[in-house]
Amino acid sequence: MDPARQTLAQHGKSFWFASRFMERHDTDDAARLYMACRELDDLADQELPDPQQNERARDRLMTIRREIQARRGHDPLSLNLLDLSTRRGVDLEAATALIDALIRDVDRPATVATEAELLDYCYGVAGTVGVMMCAVIGARPEASAHAIDLGMAMQMTNIARDVLEDAGQGRRYLPGEWLEQRSATRLAATRQEDHAAVAAAVERLLHLSEAYYCSAADGFNYIPRRNRRAIRVAAEVYRGIGRRLARSGHAWHQGRVHVPLGGKLWLATRTLGGQGDIRAPGRARHDPELHRHIAHRPGADAGVREMP
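Residues 7 to 314 in my numbering are what the sequence shown lists, from first letter to last.
So this is what it looks like as structure tokens:
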């Protein structure tokens with residue numbers, strides 16, 4: 007199997023499942039883009055015992071950033087992204103914004119304080135991927151803001167699913183203002199007295215993600231038909247993770263939940279039959295309020311800007 011497809015199959019099971027409904031020539035480049043983003047994320051996510059190794063990982067991210075800005079380089083990740091930009095029009099400003107977000111994650115422990123910080127983080131590590139993916143799947147320019155929303159919604163699902171795992175690594179992406187400033191260390195201890203408060207925060211996050219999933223659905227018609235089917239399936243399957251977590255009573259302390267293959271097949275069948283659960287609001291244009299905190303970022307809706 008091609009290395010990019012292998013990475014997608016191993017680490018992006020929901021996307022791999024959905025990619026089967028995509029145009030083959032687009033699947034190859036979508037897998038290459040996913041592999042590049044995954045490898046960048048792995049650089050930022052490494053918990054290396056030697057501080058010098060951590061510094062080298064950060065230095066490599068900085069090198070890739072410089073090479074992308076210069077539009078030439080030697081690092082395999084830079085070359086992959088530059089090639090995708092040349093052949094498919096992948097937005098390199100979004101790639102730079104992704105790297106910036108990952109460098110911030112390396113530079114300081116992830117302890118999100120406010121909802122605004124949460125949204126900024128979700129844009130940085132996932133909304134940017136949506137912007138880049140638009141070019142690969144042949145989406146019209148109007149799709150960009152909606153693609154950001156899908157990436158952000160999926161990242162919120164990730165955060166809700168991975169509360170315990172992230173806490174064990176000293177990271178807390180649930181806003182502190184939702185948790186009376188409970189630390190990652192405290193969440194990792196899974197104290198009984200914290201279960202309800204954290205579950206309420208997880209529920210709040212999944213509720214917030216719904217607005218972004220629905221806005222994403224408003225942009226599906228900007229995607230060519232065959233690839234549109236794949237993106238719809240990916241959205242429904244990923245949202246299904248959050249739905250399973252909700253049915254557990256938002257039992258974050260029990261670890262990860264996932265959608266098994268049978269569940270994915272059921273969701274795909276419903277989606278392709280026109281019975282998906284994500285309902286588009288049917289707005290004439292993107293709701294700029296969803297991007298109030300990220301309006302200055304590549305691909306975002308600048309219709310409403312955050313107050314100074």
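Ideal Cβ positions, reconstructed from N, Cα and C, are used throughout, including at glycine.
If you're wondering where the values come from, they're calculated on a predicted model, not measured in any experiment.
Bridge partners of threonine 117 according to DSSP: Arg178.
In summary, glutamine 260 is exposed, with fewer than 16 beta-carbon neighbours lying within 10 Å of its beta-carbon over all protein chains present.
Note that the stretch 83-102 touches the stretch 127-137; at least 3 beta-carbon pairs, one per stretch, sit closer than 8 Å. Taking every protein chain shown into account, the CB of serine 254 has fewer than 16 other CB atoms within 10 angstroms, so this residue is exposed. DSSP places isoleucine 237 in the uninterrupted alpha helix (DSSP H) bounded by 231-253. Less than 8 Å separates the beta-carbon of arginine 38 from that of leucine 90.
Alanine 151 is classed as buried because its beta carbon has at least 16 other beta carbons within 10 Å across all chains shown. For the alpha helix (DSSP H) assignment, the uninterrupted runs of no fewer than 4 residues enclosed by the stretch 45-115 are, from N- to C-terminal side, 57-76, 82-94, 98-113. The residues Ala166, Val169, Leu180, Leu251, His256, Trp258, in chain order, have a CB closer than 8 Å to that of valine 208 in the same chain once the five nearest residues on each side in sequence are set aside. Residue range 198-224 is occupied by the alpha helix (DSSP H) that includes alanine 206. By the criterion of a C-beta distance shorter than 6 Å, glycine 225 is surrounded in its chain by Ala149, His152, once the five residues flanking it on both sides are discounted. For glycine 157, the uninterrupted alpha helix (DSSP H) run begins and ends at 150-167, by DSSP. Three or more Cβ pairs closer than 8 Å define a contact, and the stretch 258-277 meets that threshold against the stretch 235-244. Residue nearest to serine 215 within the set Glu121, Ile143, Gly182 is Glu121 (criterion: CA-CA distance).
Alanine 36 and isoleucine 143 do touch by the CB rule: their CB atoms are close to 7 Å apart, below 8 Å. In this structure, the alpha-carbon of glutamate 295 lies about 8 Å from that of glycine 309. Shown here for histidine 201: same chain residues with a beta carbon closer than 7 Å to its own, the five before and five after excluded, namely His259 in chain order. In the same chain as methionine 160, and ignoring 5 residues on each side of it, the C-beta atoms closer than 7 Å to its own belong to Ala132, Tyr244, in chain order. Here glutamate 242 has Leu273, Ala274, Arg276, Thr277, Gly282, Asp283, Ile284 as same chain residues with Cβ atoms under 8 Å from its own Cβ, once five neighbours each way along the sequence are excluded. Check the Cα spacing between arginine 262 and each of Ala173, Ile300, Leu271: the tightest is with Ala173. The beta carbon of cysteine 220 sits closer than 8 Å to the beta carbons of Ile284, Arg285, Ala286, Pro287 from its chain, once the five residues preceding and following it are set aside; these are given in chain order. Annotated as distal: glutamate 29 and leucine 83, with beta-carbon spacing of 8 Å or more. DSSP places leucine 193 in the uninterrupted alpha helix (DSSP H) bounded by 190-194. Shown here for isoleucine 109: same chain residues with a beta carbon closer than 6 Å to its own, the five before and five after excluded, namely Leu67 in chain order. Under the three-state reduction of DSSP output, arginine 291 falls in the coil class, being neither helix nor strand.
Alanine 206 and aspartate 81 have their C-alpha atoms spaced approximately 43 Å apart.
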